[in-house]
Amino acid sequence: MNDPQLTNDTPVSHIKKSRNPIWQMAVIAVAFFVIGFMFNAAGAHVQIGPNTQSKTAIDLTKFWQINDILHKKFDGDISTDKQSEGAIVGMVASLGDPYTTYLTEKANKELANQLSGKLSGIGIEMGIKNNKLTVIAPIDGTPAAKAGLRAGDLIIGVDGQDTSNMTIDEAVTKIRGDKGTEVKLNIIHPGGSPQVIAITREDIKVPSVTSEIKLGNIGYIKIRTFGAETAADVSKAAGEFAAQGVKAVIVDVRDDPGGYLDGAVKISSEFVSSGTIVEERSRTGQNKVLTALSGGQLTKVPVIMLVNGGSASASEIMAGALHDNGRATLVGEKTFGKGSVQEVICLSGLNLGSDCKGDSLKVTVAHWYTPKGINISKEGIKPDIEVKLTSEDYNTNRDPQLIKALELATQKANGQ
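Convert by adding 199 to the 1-based position in the sequence shown; the result is the number in this note's numbering.
What follows is the structure in structure tokens.
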């Protein structure tokens with residue numbers, strides 16, 4: 200399949216190093232160091248200084264007045280570096296957007312490590328939901344899953360520190376760490392009481408895609424994250440399904456935090472032959488429409504898609520694309536609702552990725568909309584057929600959502 204069409208921009212799969220790089224992404228913080236990002240190559244030069252004149256200029260009279268008083272009156276040591284950092288953090292935090300954050304040089308290095316998967320963690324994806332630090336999903340087989348963490352759990356404390364005022368990046372930094380070390384989380388399961396869970400960090404390596412044939416003629420694909428190789432893995436599975444003549448396909452993106460945008464477009468295009476996959480809208484009016492690619496292998500086969508509150512970002516883009524193009528019936532629970540686009544700007548202007556030196560700014564610049572105009576961030580994606588997974592189901596390893604999907608897939612396979 201060809202690269203996705205991006206209006207007035209380059210394909211997201213082609214990221215080049217530049218002197219003033221910007222990484223564009225739809226991102227959810229991940230505590231196991233494999234973050235789901237939606238990248239777009241871009242570059243910008245931002246010049247900010249005391250002589251900058253614009254409608255957005257800030258009156259700093261009171262700021263300098265307070266600074267002067269502090270340096271004259273405060274009985275203690277003052278670090279101008281910490282003052283500067285605190286002022287920047289406060290300015291960014293005043294926007295009230297948990298995904299717009301200032302990253303220090305240390306945090307920026309940690310972000311690069313997340314992208315490379317070099318570090319260890321516990322295996323959860325996290326987001327801010329109703330102003331609370333929330334588990335989007337534990338990854339199968341990881342320490343978090345083994346410890347009993349679930350999608351929807353609230354994390355109210357990390358090693359005894361309250362999380363109510365933490366940004367996602369701060370929480371990720373505190374939760375992750377070296378293999379073999381322990382972190383204690385204060386957790387509230389939905390409808391439950393607070394409890395402390397101690398989890399030992401490990402290296403997290405989870406295949407992004409697994410597939411199998413169920414009931415003889417129904418293909419089943421589980422996508423855990425939209426990583427660099429996920430589209431190729433799904434394409435391989437789709438080819439095998441087509442060769443075996445499956446009559447229906449179940450695509451399971453439950454507890455999938457998202458990932459690369461081009462992966463979402465390519466994977467959606469395996470099932471959608473033409474039309475819009477997703478639209479990016481910004482307040483500048485420079486909207487972009489990404490359309491289906493040619494060469495999809497399962498564009499005629501009925502699709503059932505499993506979603507839940509842990510389905511986010513790229514998962515929601517795919518669910519919206521297949522649903523709005525009439526290619527899938529959605530089963531499960533409402534998705535997380537993470538459809539904002541961030542740019543990470545290296546403030547030092549040096550190189551992309553792990554070579555980005557100094558501090559950076561991650562800022563929300565746009566939002567994703569489904570082909571029918573649903574704002575993913577505000578509304579999430581609602582299933583056609585709601586099937587809840589209860590605590591009893593969880594404890595007894597019963598999966599009523601998959602059972603319903605198999606029932607519908609069987610009906611469609613039989614032409615009903």
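Virtual Cβ for every residue (Gly too), placed ideally from N, Cα, C.
Start-to-end residues for the alpha helix (DSSP H) that takes in D558: Taking the first residue of the sequence shown as position 1, residue 558 is located at position 359. Element bounds for D558: n/a, residue is neither H nor E.
Residue from G614, Y593, Q600 whose Cα sits closest to the Cα of P389: Here the question's residue 389 lines up with position 190 in the sequence shown. P389 has its Cα closest to that of Y593, out of G614, Y593, Q600.
Three-state secondary structure (DSSP) of P342: In the sequence shown, residue 342 corresponds to position 143, counting from 1. Residue state, collapsed to three classes: helix.
N364 to M325 span [Cα, whole Å]: Within the sequence shown, numbered from 1, the residue matching residue 364 stands at position 165. Within the sequence shown, numbered from 1, the residue matching residue 325 stands at position 126. For N364 and M325, the distance between alpha carbons rounds to 15 Å.
Span of the beta strand (DSSP E), counted from its first residue to its last, around A256: The count along the sequence shown starts at 1 and reaches residue 256 at position 57. That residue, A256, is in no beta strand (DSSP E); it is neither H nor E in DSSP.
Three-way DSSP call (helix, strand, coil) for N524 in this model: Residue numbering aside, residue 524 sits at position 325 when the sequence shown is read from its first letter. Residue state, collapsed to three classes: coil.
Anticipated Cβ contact below 8 Å, L332 with L353, distance rounded: Along the sequence shown, read from residue 1 onward, the residue named residue 332 stands at position 133. Along the sequence shown, read from residue 1 onward, the residue named residue 353 stands at position 154. Indeed, because the Cβ distance is near 7 Å, the residues count as touching under 8 Å.
Three-way DSSP call (helix, strand, coil) for H388 in this model: Sequence index remark: in the sequence shown, residue 388 carries index 189 (1-based). The answer is coil: DSSP assigns H388 none of H, G, I, E or B.
contact_flag[the segment 572-585, the segment 510-521] where n(CB pairs < 8 Å) is 3 or more: yes
The alpha helix (DSSP H) enclosing P599, as first and last residue numbers: As a working note, residue 599 is residue 400 in the sequence shown. Counting along the chain, the alpha helix (DSSP H) containing P599 begins and ends at 599-612.
CA nearest to the CA of A463, picked from T569, A306, A447: As a working note, residue 463 is residue 264 in the sequence shown. Ranking the options by Cα distance to A463, first place goes to T569.
Proximity below 8 Å, CB of I338 to CB of I403: As a working mapping, residue 338 is identified with position 139 in the sequence shown. As a working mapping, residue 403 is identified with position 204 in the sequence shown. Going by C-beta atoms, I338 is nearer than 8 Å to I403.
Segment contact, 8 Å Cβ cut-off, at least three pairs: the segment 367-379 with the segment 269-287: no
S143 - containing beta strand (DSSP E), residue span: With the chain represented from 200 up to 615, any question about residue 143 goes unanswered, as that position is not in the structure.
Sequence ranges, beta strand (DSSP E) only - wholly within the segment 387-455, length at least 3: 393-399, 408-413, 417-422, 447-451
Three-state secondary structure (DSSP) of M365: Start at 1 with the first residue of the sequence shown, and residue 365 comes out as number 166. Here M365 sits in coil by DSSP.
Residues near P599 by beta carbon distance below 7 Å, same chain, minus five either side: Translated into positions along the sequence shown, residue 599 becomes position 400. The answer, listed in chain order, is V586, L588, D592.
Beta bridge counterpart(s) of K331 as assigned by DSSP: Taking the sequence shown and counting its residues from 1, the one referred to as residue 331 is at position 132. K328.
Simplified DSSP state of V382, which is helix, strand or coil: Position 183 of the sequence shown, counted from the start, is the residue given in the question as residue 382. Note: V382 maps to strand in three-state DSSP.
Neighbourhood of I323 by C-beta distance below 8 Å, restricted to the same chain and skipping five residues each side: Locating residue 323 in the sequence shown gives position 124, where the first residue counts as 1. Closer than 8 Å at Cβ, skipping near neighbours: V229, A230, F231, V334, I335, A336, P337, I338, T341, A343, L348, I374.
Exposure label - Q485; buried when at least 16 CB within 10 Å: As a position in the sequence shown, residue 485 is number 286, starting the count at 1. Exposed, by the Cβ-count rule.
Option nearest I602 by Cα separation, candidates L505, A256, R480: Taking the sequence shown and counting its residues from 1, the one referred to as residue 602 is at position 403. The option with the nearest alpha carbon to I602 is L505.
Reference A565; option with closest CA among R480, E515, K378: Counting from one through the sequence shown, the residue named residue 565 turns up at place 366. Measuring from the Cα of A565, the nearest candidate turns out to be R480.
I584 - partner residues in DSSP beta bridges: Stepping through the sequence shown from its first residue, residue 584 is reached at position 385. According to DSSP, which records beta bridges pairwise, I584 is partnered with V530.
Exposure label - D461; buried when at least 16 CB within 10 Å: Residue mapping note: residue 461 aligns to position 262 of the sequence shown, counting from 1. Classification of D461: buried, given that the 10 Å Cβ count is 16 or more.
Same chain, Cβ closer than 7 Å to L497, five either side skipped, listed in chain order: The residue labelled residue 497 in the question sits at position 298 within the sequence shown. Excluding sequence neighbours, L497 sits near A437, F440, A441, V448, E469, F470.
Among A431, G415, H270, the one whose alpha carbon lies nearest that of I422: Taking the first residue of the sequence shown as 1, we reach residue 422 at position 223. Selected option, being the one with the closest Cα: A431.
Per-residue burial, F535 [other beta carbons within 10 Å of its own, 16 or more giving buried]: Position 336 of the sequence shown, counted from the first residue, corresponds to residue 535. Looking at its Cβ environment, which holds 16 or more other Cβ atoms inside 10 Å, F535 is buried.
N- and C-terminal bounds of the beta strand (DSSP E) containing E469: Working through the sequence shown from its first residue, we reach residue 469 at position 270. E469 -> no beta strand (DSSP E), and no H or E assigned at all.
DSSP bridge partner residues for S319 (one or two, in chain order): As a first step, residue 319 is located in the sequence shown; it is residue number 120 there, counting from the start. Answer is G376, bridged to S319.
Span of the alpha helix (DSSP H), counted from its first residue to its last, around I277: Numbered from its first residue, the sequence shown carries residue 277 at position 78. That residue, I277, is in no alpha helix (DSSP H); it is neither H nor E in DSSP.
Unbroken alpha helix (DSSP H) run spanning I575, endpoints: As a working mapping, residue 575 is identified with position 376 in the sequence shown. Run containing I575: 575-578, per the alpha helix (DSSP H) assignment.
Nearest-angstrom Cα separation, counted from A256 out to M517: In the sequence shown, counting from the first residue as 1, residue 517 sits at position 318. In the sequence shown, counting from the first residue as 1, residue 256 sits at position 57. The alpha-carbon atoms of M517 and A256 are separated by roughly 40 Å.
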